[in-house]
Structure formats: structure tokens, C-alpha cells
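Taking it in order: structure first as C-alpha cells, then the write-up.
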Amino acid sequence: MAIKDPRRVRTRAVWLLVLPFLWFSTPITAWMLAGAVLAAIGLVIRAWAAGTIHKDADLTTSGPYAYTRNPLYVGSFLVGLGVTGAGGHWVWPLVFLIFYLVVYGRTLAFEDEVLTELFGARFVDYKANVPSVVPRLTAYRPEQADVSGGFSVSQYLRHNEWEALLGAAAAFAFLATKGMWLG
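Be aware that the sequence shown starts at 0, since it is given in numbering that gives the first Met the number 0, and climbs by one per residue.
Right, dumping it as C-alpha cells:
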């Protein structure tokens, strides 16, 4: 049985977390700094991945995709953990972790199914050699390399990755303002 596309759920369900988080967060400077570092690392990973991938046109196995099949989601995890950690209470990262595991678990299964249909044996081999989320230590080198050509700013922009940067910056600006107001 085919898994239904969970992407719509993921992009809408996150608002069930964002609004209470913004309302109830109690930002603490040290947590905000640590969260900002974590989020920045996540944004760099997302940028690298978005600037490398050619969705549905080719199986991208270079750049960050040579280490993990889902670097965009690894980056999203780090951004989310950084932002929620900046919220000043351990409950926010815990809630985010539960959300991430439930929603992204379905997304990963769906995308594996789609990529198997699109790329067949190439994806099956890639899947057998490259972990879904936790990166491998050395780059995967397939027999048939992808044609992505590496990182491209135009690919980064084409995938609207600047929205993740803008969203994280807005979250931290809100938390900083709230922290000054509370503090």
C-alpha cells in the first residue's frame, strides 16, 4: 500500500507548535546563544543541500547527499532544535523531537518509496550505502555519479531556501525581543 504524501501535514502541523512556543517561551541569553549556533549549523547544512539537489531530475548523491540521504531534514532538525532550545525550557526541544520523529518518520518513508519508483536500482544501492539521517563518516562514491555539478547559488534560490534563513532569523529576533521584554 502506498504511503500518502505527508508533506502537507508537515508544513501545516508545525504551526500547532510555533504559536504556543512563541507565546509560552521564556528566552534565556545562554540558551539563545547555544540555540543560535545549532540553528546556524542547520541552516548551513540546509543551504548546502538545497544548492546541490536536483529534485526528481536526478538522484543526487554528491555534496551532503554523499553522507546522508536527507541532509535537508538533518538541517531542519538542527534548526528546530536550536530555535526550541532558545525558548528557555527543556520541554520545547522535547516537544519538537516528538513532532520531528512522528512527522518526518512518515515523510522519510514516503520519499524512499517515491525515489525507489523514480530511480530503481540506483536508489536501492544508494539506500543500502548511505544512512537516512545520521551521516556516514566518508563520502559515498557510486558507480554512476549524479550530474548535479555540485553546489549552485541558483539551485539554492530556486528551492527558496532563503525562507528557512528568514524564518529562523525571525524566530530569534522575536525571542530576543521577548527576552528583553521579560528580562
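Think of the CB as a built atom: it goes at the ideal place given N, C-alpha and C, for glycine as much as any other residue.
Expected contact under 8 angstroms - CB spacing of Y66 and I52 to nearest Å:
Incorrect: roughly 13 angstroms between the Cβ atoms, too far for contact.
Give the DSSP-derived three-state secondary structure of N128 in the structure shown.
Three-state DSSP puts N128 in a helix.
Per the contact definition of three or more C-beta pairs closer than 8 angstroms, is the stretch 155-167 in contact with the stretch 84-97?
no
Pull up the distance between the alpha-carbon of M0 and that of L107, whole angstroms please.
Annotation note: pLDDT 45 at M0 (below 50); position unreliable, no value reported.
Where does G149 fall in DSSP's three states?
The answer is coil: DSSP assigns G149 none of H, G, I, E or B.
Integer-rounded CB distance, given that A49 should sit under 8 angstroms from L71
7 angstroms
Cα separation between F95 and I27?
18 angstroms
For S61, name the three-state secondary structure that DSSP assigns.
Of the three classes helix, strand and coil, the one that applies to S61 here is coil, per DSSP.
Does the Cβ-Cβ distance between L114 and L58 come in under 8 angstroms?
yes
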